[in-house]
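Each residue of the first sequence is one higher than the last, beginning at 3 in the numbering used here.
Where a beta carbon is used, it is the ideal one built from N, C-alpha and C, also for glycine.
Presented below is the structure to which this report refers.
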Amino acid sequence: MATHCKDYDFRQIEPHWQTFWQEKHAFRAEKSSTKPKFYVLDMFPYPSGAGLHVGHAEGYTGTDILARYKRARGFNVLHPIGWDAFGLPAEQHAVKTGTHPASNTQNNIVNYRRQIRALGFSYEWEREVDTTDPKYFRWTQWIFLQLFKKGLAYVDERPVWWCPELCTVLANEEVIDGKSEVGGFPVERRNLRQWVLRITAYAEQLLDGLKEVDWPDSTKRMQEAWIGRSEGAEVRFKLEAAALGDLNIFTTRPDTLFGCTYMVLAPEHPLVPALTKDAQHSAVESYRKATAAKSDVERMSEAAKEKSGVFTGSYAINPVNGARVPVWIADYVLMGYGTGAIMAVPAQDERDWEFAKLYALPILRTVQPPADFTGDAYTGDGPAINSAHGDLSLNGLHVAAAKARTIAWLEAKQAGTHRINYKLRDWLFSRQRYWGEPFPIVWVSEVDYRQAAALRPDLPAAPVTYVEGGVTHCALPLPEMALPLVLPDVQSYLPSGTGESPLANVTEWLEIWFNAENGAAIPASQPRPAGAAWLRARRETNTMPQWAGSCWYYLRFLDPQNPNALASQAALQYWDVPDLYVGGSEHAVLHLLYARFWHKVLYDLGVVPQAEPFKKLFHHGIILGEDGVTMSKSRGNVVNPDDIIKSYGTDTLRLYLMFLGPLEAMKPWNPKGIEGVHRFLQKVWRECLGEDGGANLKISDTESDPPELIKLLHETIKKTGDDIEDLRFNTSIAQMMIFMNAVQKTPQVSRRTLLTFLQVLAPFAPHIAEELWARLGGSGSVSESCWPVYDADLLVNTMVKLVFQVNGKHRGDQLLPVSITQDAAFEVAKNHERVAPHLLGKSVQRIIFVPRKILNIVVS
RNA sequence: GCCCGGGUGGCGGAAUGGUAUACGCAUCGGACUUAAAAUCCGUGACCUGUAAGGGUGUGUGGGUUCGAGUCCCACCCCGGGCACCA
3 MATHCKDYDF RQIEPHWQTF WQEKHAFRAE KSSTKPKFYV LDMFPYPSGA
53 GLHVGHAEGY TGTDILARYK RARGFNVLHP IGWDAFGLPA EQHAVKTGTH
103 PASNTQNNIV NYRRQIRALG FSYEWEREVD TTDPKYFRWT QWIFLQLFKK
153 GLAYVDERPV WWCPELCTVL ANEEVIDGKS EVGGFPVERR NLRQWVLRIT
203 AYAEQLLDGL KEVDWPDSTK RMQEAWIGRS EGAEVRFKLE AAALGDLNIF
253 TTRPDTLFGC TYMVLAPEHP LVPALTKDAQ HSAVESYRKA TAAKSDVERM
303 SEAAKEKSGV FTGSYAINPV NGARVPVWIA DYVLMGYGTG AIMAVPAQDE
353 RDWEFAKLYA LPILRTVQPP ADFTGDAYTG DGPAINSAHG DLSLNGLHVA
403 AAKARTIAWL EAKQAGTHRI NYKLRDWLFS RQRYWGEPFP IVWVSEVDYR
453 QAAALRPDLP AAPVTYVEGG VTHCALPLPE MALPLVLPDV QSYLPSGTGE
503 SPLANVTEWL EIWFNAENGA AIPASQPRPA GAAWLRARRE TNTMPQWAGS
553 CWYYLRFLDP QNPNALASQA ALQYWDVPDL YVGGSEHAVL HLLYARFWHK
603 VLYDLGVVPQ AEPFKKLFHH GIILGEDGVT MSKSRGNVVN PDDIIKSYGT
653 DTLRLYLMFL GPLEAMKPWN PKGIEGVHRF LQKVWRECLG EDGGANLKIS
703 DTESDPPELI KLLHETIKKT GDDIEDLRFN TSIAQMMIFM NAVQKTPQVS
753 RRTLLTFLQV LAPFAPHIAE ELWARLGGSG SVSESCWPVY DADLLVNTMV
803 KLVFQVNGKH RGDQLLPVSI TQDAAFEVAK NHERVAPHLL GKSVQRIIFV
853 PRKILNIVVS
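This is the structure:
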């Protein structure tokens, strides 16, 4: 079954065993099994035109080693791969070439599949998924319908980047310094109708769930910061012009209400026009216009340098003391957070202090700073001062107590409430693009919607609507039976020119008679079919963002062919969620947060049995170019795995990627280093086989190995296994090298020892391990053999090198029985030729004895 | 500015508070060879000394400890994230 090459001819060996595994379906997970299950998942790639790079190969090699190891340890392992194949580059390619993005995408997938196979990864190809496959995105659309039904999807006007020259909407990453990435044309903000998912409804659960997952702390912290929970109060300020109602503000420092000397509204705040007095009208208007013209980025970077704002001419009344405070507008207050309005407390807030100084507004300290405090605004803890009026007094109370008392008072007077606020915003879920999942939504009139509602039990509690030119449109979902809604072919992949996706140009698809009961559609140009279920409708032209398909793919892998559900309940129960999820830290927030959100919604719907999708997460590092900077085409420092495989073979590449350093580290590629691991594999080959390709003559079937070698073998089994479990592949490889160096120095070695070593090597370098295993007469395939069991008794040392120190300095050492007593060890040390001189003429103050390790003699 | 992660030979890196530099690369010397490649053996932080040895060394400065790369405090540098979120 093995090849017959005499040398280590990896070009022959590696494809041979790859074919062998493929034909045997060697890595197919068992559907039901008495074995424990293990699900190890990689973040699936976007199949770009550039092909797989070594960065992918790094993470995938790590999980492959673990998957192969776990199989050998008797686990039923699920290790799948697929393609996150919707996305911008394919669409841009389509615009350029006029070919359907699907064809380019499929070409790229073919290339990725070839590269991944060439790396010898033990993926189960029968479970491959492709997010652009209608059989897959049918369920992406289905999940969207569940969100829609639950009232978690709505439509809103949101600002997006629009490039007039290109007639298209651009993604944030396509805009560089206010210019389009392609062509360098100016871009502007434009409000367009967008789908938005109510992820904020899950803010608290998304925060809570982080407590129960085994993730890197830094990633948990990033998600916590992104969700940005803060606790405080919403306070109602009456306006002097009572007819205008109240002004609500959010504050985390209700204890400082007495220090409020002015109010600030975001320039976009809806009350601004009503609050603006005639005398201030022109100033306010021009300030609002100036703010609106700025992008978020400009607004933040410019405003961070210098504060600005305008007085509206109006006043509000502070509920705690009746004080009359002026109302300003300023762009340092953001409409998107809290209520879009704040009470300004310059004495206890640095931003407010800066603003107050600029416009000569009063500053009143209400928290006593420490005596040595020298700064401006004091944001620390301390006793309240100047904070009493009527039946409310905070004076003397520290911050926490003062907050509590204020909130209680506000609630009693109905002037405010305790409130929790999040930085997290709802998720802008639509793109004005062709190459994405179409929304399973049609737009109908209010009258038609009411008619449909009678036929459809699956509509949200409140209809999703948007108003355009005074006409209200209602969003009517396709019935589930009508899924998938596939993309129509288009003449041109160029945007419509109105900011809508290219789909808006496909009139026959867009303008339809729609059967509300079964989702059937015919072009509106044809006569209306008979029956009350047929309504005049216009399809949604937005498509979903690339995140959509990757939000749930880990579930589809459990049961990828299922036509009736995203996965069967049996599969969801048996496989549970991934035991380990490995991918780059660039997805620390968005992908991982979005996927958690969808999972929690599915959990609440009873679709999935657990509340968190990724129990354990690990971020692999980044492989830098030889020059120590990020690999990029423009720098010409990209390493293509295909080239390395050609010159050294996959096993060498895999081993090298793992030997480079800790999996999580950022590390530069070193072409010289790869020679080292290749030499190691050559050495393994030579120790196993002679020059004629037969078993090496030093291999014996009768003689036993020297005890040191047997001990080292067992140490290697233990160390390698432990390190694989901890994803510390670099040190496990070092241990294998130590072992082979010892074999090389041994004149004779038993066949059994070498076969055992090959089992240890197999997860790392599976092709050479299979080849040598077969040639040395191992039974079956090494990939199917069990992980060797080490003999713990052999690892016990009877003698140990005890280190002698004098005053903490290493002065000598000696091999001694592990059970030696302190006194006996001291006797030895005292007379040790290297130690004795350091004791001469000194008196021993103290002896520290750590059995098996050290004897430290402290002398005067 | 705030929150993380990290600074160890010429290089990648190793090290439950207990011999700092495992393993690999590079270097230099040697063996084998007509020669080269491959392979093998040795060398491999700095200062001092003929040597044995002694001293100093894990970004900098302090501290805790019998003993610190590891723990604590302050600072410097590099990388990542967030950034007017009231």
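Alpha helix (DSSP H) segment containing residue i, residue limits
i, result
"Thr704", "That residue, Thr704, is in no alpha helix (DSSP H); it is neither H nor E in DSSP."
"Phe40", "Per DSSP, Phe40 belongs to no alpha helix (DSSP H); it is in the beta strand (DSSP E), Lys39 to Asp44."
"Val661", "According to the sequence as given, residue 661 is Phe; it is not Val. Looking at the DSSP string, the run of the alpha helix (DSSP H) that includes Phe661 is Thr652 to Phe661."
"Gly61", "Val56 to Ala74"
"Leu817", "Premise fails: Leu817 lies in the beta strand (DSSP E), Lys811 to Pro819, not in any alpha helix (DSSP H)."
"Leu797", "Ala794 to Leu797"
DSSP state of residue i mapped onto helix, strand, coil
i, result
"Leu857", "strand"
"Thr722", "helix"
"Arg195", "strand"
"Asn544", "coil"
"Trp19", "helix"
"Cys262", "coil"
"Ala539", "strand"
"Ala305", "Low local confidence applies: a pLDDT of 44 at Ala305 is under 50, so the model's placement there is unreliable, and no value is given."
"Tyr596", "helix"
"Trp671", "coil"
"Cys690", "helix"
"Met3", "coil"
"Asn743", "helix"
"Leu461", "coil"
"Asp629", "coil"
"Lys213", "helix"
"Asp378", "coil"
"Arg730", "coil"
"Asn110", "helix"
Contact belief for residue i with residue j at Cβ below 8 Å, rounded distance in angstroms
i, j, result
"Thr368", "Phe441", "Incorrect: roughly 51 Å between the Cβ atoms, too far for contact."
"Tyr596", "Leu43", "The Cβ separation is near 16 Å, so there is no contact."
"Glu159", "Leu659", "Contact doesn't hold; Cβ gap of about 48 Å is too wide."
Residue i versus residue j: straight-line alpha-carbon distance, rounded
i, j, result
"Val335", "Pro481", "43 Å"
"Tyr937", "Leu54", "Outside the shown range of the chain (3 to 862) lies residue 937, about which nothing can therefore be said."
"Val184", "Ile524", "38 Å"
"Lys669", "Gly57", "11 Å"
"Phe139", "Ala87", "11 Å"
"Phe620", "Glu588", "12 Å"
"Ala534", "Arg541", "19 Å"
"Trp687", "Ala771", "9 Å"
"Ala268", "Leu487", "42 Å"
"Lys811", "Leu817", "18 Å"
"Val286", "Ile344", "18 Å"
"Val266", "Thr341", "11 Å"
"Asn858", "Glu710", "29 Å"
"Leu592", "Ala104", "26 Å"
"Gln875", "Tyr380", "The chain is shown from 3 up to 862; residue 875 falls before or after that span and cannot be answered."
"Lys309", "Ile409", "30 Å"
"Leu691", "Thr722", "24 Å"
Residue i - containing beta strand (DSSP E), residue span
i, result
"Leu1", "What is shown of the chain runs 3 to 862, which leaves residue 1 out entirely."
"Asp158", "Ala155 to Cys165"
"Asn423", "Gly418 to Tyr424"
"Ser766", "The sequence shown places Phe at residue 766, rather than the Ser named in the question. From DSSP, Phe766 is part of no beta strand (DSSP E); its letter is neither H nor E."
"His622", "Leu619 to His622"
"Leu168", "Unbroken run through Leu168: none, as it is neither H nor E."
With contact counted as at least three CB pairs below 8 Å, one residue from each stretch, are the stretch 576 to 589 and the stretch 57 to 74 in contact?
yes
Stretch pair the stretch 536 to 556 + the stretch 130 to 148: three plus CB contacts closer than 8 Å:
yes
At least 3 beta-carbon pairs within less than 8 Å: the stretch 424 to 442 vs the stretch 503 to 516:
yes
Specify whether the stretch 718 to 733 and the stretch 685 to 704 touch according to this definition: at least 3 beta carbon pairs, one from each stretch, less than 8 Å apart.
no
Is there contact between the stretch 73 to 89 and the stretch 33 to 43, where contact requires at least three CB pairs shorter than 8 Å?
yes
For the stretch 272 to 285 and the stretch 245 to 264, state whether three or more C-beta atom pairs, one from each stretch, are separated by less than 8 Å.
yes
Are there three or more Cβ pairs, one per stretch, closer than 8 Å when the stretch 109 to 126 is compared with the stretch 637 to 646?
yes
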